[in-house]
Structure formats: structure tokens, C-alpha cells
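Visitor: 1245 is the number of the first residue of the sequence shown in our numbering; add one for each residue after it.
Structure provided below as C-alpha cells; questions to follow.
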Amino acid sequence: TIIASIGQGYDLVSPMQLARYTAFLATKKLPTPHLAHKIAGKVVEPKYKNIEVNDYFLDTIRKGMYDVCNAPRGTAHRTMSHLPILVAGKTGTSQVVSIPQSEKRRMKESQMEYYSRSHALFTSYAPFNHPKFVVTVLVEHGGHGGSTSGPIAAEIYKWMFKKGYFKDEIKITPKK
1245 TIIASIGQGY
1255 DLVSPMQLAR
1265 YTAFLATKKL
1275 PTPHLAHKIA
1285 GKVVEPKYKN
1295 IEVNDYFLDT
1305 IRKGMYDVCN
1315 APRGTAHRTM
1325 SHLPILVAGK
1335 TGTSQVVSIP
1345 QSEKRRMKES
1355 QMEYYSRSHA
1365 LFTSYAPFNH
1375 PKFVVTVLVE
1385 HGGHGGSTSG
1395 PIAAEIYKWM
1405 FKKGYFKDEI
1415 KITPKK
């Protein structure tokens, strides 16, 4: 339906599920989440599930996520394009209550009653060319993903860059 095509309606996902799906889109492997890096000195090896998917569709989604963060009209361009690594992501705004468009057009999200404000979402992966990390941010009643969750994710990526998580990566723009 049209409602589902714009991300409204029937699907409910947790931030962890969103992060897993983002990792799958980035790497074509669905990770099994775990909390420990080491147990009793032994490194916990990550587990992945391989899922068959048409590469054409996956590449189309990746290009769209790249454009969200790097194309001038992308909804996260202002917060992501200046980073020292290439990020691909998707902004999202999860409507909490039903508000008629005619009413919503007359007010800003910040003018709405707090519990009526939309949830702000941003999920992403980096570096674009060799995905290693996923950052997913949900701000409850935060408004719009690009203006609320996106800047938080950008700060996380800046911190990761400073700490050396991307030391072997350089910012290379992919060929069109």
C-alpha cells in the first residue's frame, strides 16, 4: 500500500532490529547481536546469517543511503557530508499520533504537545566503501530524524574517528 511505501503503518521495529537490518544492507550478512567482546579472556566471534538477495536491489538501496548523507538534497547532508569518512544512512520520522495534514502544516513539531511529537530516527553505516560500523539513533519525541538524530550520529562518528576506529580508511567518493 502507499502508506507502507513511505514507512508509515504496519511495521514495528526496535532500534536493535533497525541496526541489524542496516548492517545487512551494508554487508549482505545479518549479524546476531551479542553484548560481550570477550568472556573469560576468550574473544566472542561474531555470528552472521547469510541471506540471498538480488545485488541490483541492494546496490540501489545503498546508493540511496549514500545520497541521503552525501547528495546536496539528502536529508542528512548537512550533518554527514563534512565528516572525514563516507557515511551512508537513512533518516526517519515516526509519527506517534494521527494529526491531520491541514493541522500539522500550521505548526512546528516543537510547538506540539511533547507526547504528540514524532520520534526521530537515523540509521547508518560507515565507511561506505568498506562497512565496519553501524550507528542507529532514536530520539523519542525528538521530531525529525535529519535534524535531531542525524547530528547525534555525526558526533558519534567524529568521536570514533578521533579514537582511531577509521585509521585505515580515507574518504574516497565512489564512482557514479
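Note that beta-carbon positions come from the ideal geometry of N, C-alpha and C, so glycine has one too.
Nearest CA to the CA of K1272: which residue from V1288, K1411, L1256, D1303?
Guide: Translated into the one-based positions of the sequence shown, residue 1272 becomes position 28. Of the candidates V1288, K1411, L1256, D1303, the residue whose Cα lies closest to the Cα of K1272 is D1303.
Visitor: Please work out which residues of its chain come closer than 7 Å, Cβ to Cβ, to A1320, disregarding the five sequence neighbours upstream and downstream, and give them in chain order.
Guide: As a first step, residue 1320 is located in the sequence shown; it is residue number 76 there, counting from the start. Cβ within range, chain order: V1312, C1313, G1333, T1335, F1366, G1390, G1394.
Visitor: Taking DSSP as the reference, what is the three-state secondary structure of N1294?
Guide: By one-based count along the sequence shown, residue 1294 stands at place 50. The answer is strand: DSSP assigns N1294 an E or B state.
Visitor: Are the beta-carbon atoms of A1398 and L1327 separated by less than 8 Å?
Guide: Position 154 of the sequence shown holds residue 1398. Position 83 of the sequence shown holds residue 1327. Going by C-beta atoms, A1398 is nearer than 8 Å to L1327.
Visitor: Who are the near neighbours of H1374 in its chain, counting only those whose CB is closer than 8 Å to its CB and skipping five residues on each side?
Guide: Here residue 1374 corresponds to residue number 130 of the sequence shown, with the count starting at 1. Here the set comprises E1413.
Visitor: For P1316, which of helix, strand or coil comes out of DSSP?
Guide: Position 72 of the sequence shown holds residue 1316. Reduced to three states, the DSSP call for P1316 is coil.
Visitor: Return the bridge partner residues of P1275 from the DSSP annotation.
Guide: For the purposes of this step, residue 1275 is identified with residue 31 of the sequence shown, where counting begins at 1. Partner(s): Y1292.
Visitor: On the criterion of 16 or more Cβ atoms from any shown chain inside 10 Å, does A1284 qualify as buried, or is it exposed?
Guide: Numbered from its first residue, the sequence shown carries residue 1284 at position 40. Exposed, by the Cβ-count rule.
Visitor: With DSSP run on the structure shown, which of helix, strand or coil describes S1338?
Guide: Position 94 of the sequence shown holds residue 1338. In this structure, S1338 counts as strand in the three-state DSSP scheme.
Visitor: With C-beta atoms as the reference, is A1263 less than 8 Å away from V1378?
Guide: For this step, residue 1263 is matched to residue 19 along the sequence shown. For this step, residue 1378 is matched to residue 134 along the sequence shown. In this structure, A1263 places its C-beta atom within 8 Å of the C-beta atom of V1378.
Visitor: Quick one: is M1324 buried, meaning 16 or more other Cβ sit within 10 Å of its Cβ, or exposed?
Guide: Residue numbering aside, residue 1324 sits at position 80 when the sequence shown is read from its first letter. Flag for M1324 reads buried.
Visitor: Whole-angstrom Cβ separation of Y1359 and H1385, contact assumed at under 8 Å?
Guide: As a first step, residue 1359 must be located in the sequence shown, where it is residue number 115. As a first step, residue 1385 must be located in the sequence shown, where it is residue number 141. Going by Cβ atoms, the distance from Y1359 to H1385 rounds to 6 Å, so yes, they are a contact pair.
Visitor: Give me the Cα-Cα distance between K1286 and L1256, rounded to the nearest whole angstrom.
Guide: By 1-based counting over the sequence shown, the position of residue 1286 is 42. By 1-based counting over the sequence shown, the position of residue 1256 is 12. If you take the alpha carbons of K1286 and L1256, they lie about 36 Å apart.
Visitor: Could you compute how far the alpha carbon of S1258 sits from the alpha carbon of T1276?
Guide: Numbered from 1 along the sequence shown, position 14 holds the residue referred to as residue 1258. Numbered from 1 along the sequence shown, position 32 holds the residue referred to as residue 1276. Taking the straight line from one Cα to the other gives about 15 Å.
Visitor: Classify M1351 as buried or exposed, calling it buried when 16 or more other Cβ atoms lie within 10 Å of its own Cβ.
Guide: Along the sequence shown, one-based indexing puts residue 1351 at 107. Burial call: exposed.
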